[in-house]
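Here the structure is laid out as structure tokens; the discussion comes afterwards.
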Amino acid sequence: MNLDGMDQLISRINRLANADQYKARALDKAAEHMQQKIAENTPRSARNKNHAADNVIVTKVGDRRLIGYDKDNFYMQMLELGTSKITARPTVAPTFENEIDRAKRIMTEEIQRGLGL
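Start counting the sequence shown at 46; every next residue gets the next number (my numbering).
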């Protein structure tokens with residue numbers, strides 16, 4: 046009976062058993078990247094006070110990550126989507142579109158690192 050490579054195989058199987066852990070870590074890293082980019086692209090006033098850019102949060106919902114502004118910055122929704130009297134000045138949607146490929150690469154790299162590939 047030839048057992049060459051069996052240790053490697055067992056090691057890989059054990060890593061696959063932890064795939065959910067790697068997936069969660071990958072989601073966290075990608076969400077952190079998006080959070081940072083949204084904060085960078087959020088406009089700031091000249092006033093020395095708390096800004097929406099300082100309050101971009103990541104919320105874990107099951108196996109998803111939601112990125113946006115905390116509840117005290119509800120007015121950002123009006124700027125993002127516009128109202129009958131305010132023209133939309135989106136920040137989140139364009140940032141998402143510009144950074145989605147980078148976020149996917151971050152997730153891929155993190156999962157590959159976890160699985161030892």
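A virtual CB, placed ideally from N, CA and C, is assigned to each residue, including glycine. All of these numbers come straight from a predicted model, not from anything done at the bench.
Taking Cβ positions only, does residue i come closer than 8 Å to chain B?
i, result
"Asp108", "Among the chains of the structure shown, chain B does not appear; only one protein chain is present."
Between the alpha carbons of residue i and residue j, how many angstroms are there, rounded?
i, j, result
"Asn193", "Ala62", "No answer is possible for residue 193: it lies beyond the span of the chain, which begins at 46 and ends at 162."
"Val101", "Val137", "10 Å"
"Met123", "Ala133", "7 Å"
"Ala91", "Asp146", "32 Å"
"Ile156", "Arg60", "10 Å"
"Leu126", "Leu162", "42 Å"
"Asn95", "Lys105", "24 Å"
"Asn93", "Gly159", "42 Å"
Whose C-alpha, out of the options, is nearest the C-alpha of residue i?
i, options, result
"Ala97", "Thr104, Pro88 and Lys105", "Pro88"
"Ile139", "Ala76, Ile83 and Met121", "Residue identity differs from the one stated: residue 139 is Pro in this sequence, not Ile. Nearest of Ala76, Ile83 and Met121 to Pro139, Cα basis: Ile83."
"Ala64", "Asp108, Glu77 and Ile112", "Asp108"
"Gln81", "Tyr114, Lys94, Val106 and Asn93", "Tyr114"
"Asp117", "Ser129, Asp99 and Lys68", "Asp99"
With H, G and I counted as helix, E and B as strand and the rest as coil, what does DSSP make of residue i?
i, result
"Thr136", "coil"
"Thr104", "strand"
"Arg110", "strand"
"His78", "helix"
"Leu72", "helix"
Worksheet entry | Cβ pair count under 8 Å reaching 3, the segment 70–85 against the segment 150–161 | By the criterion of at least three beta-carbon pairs nearer than 8 Å, the segment 70–85 is in contact with the segment 150–161.
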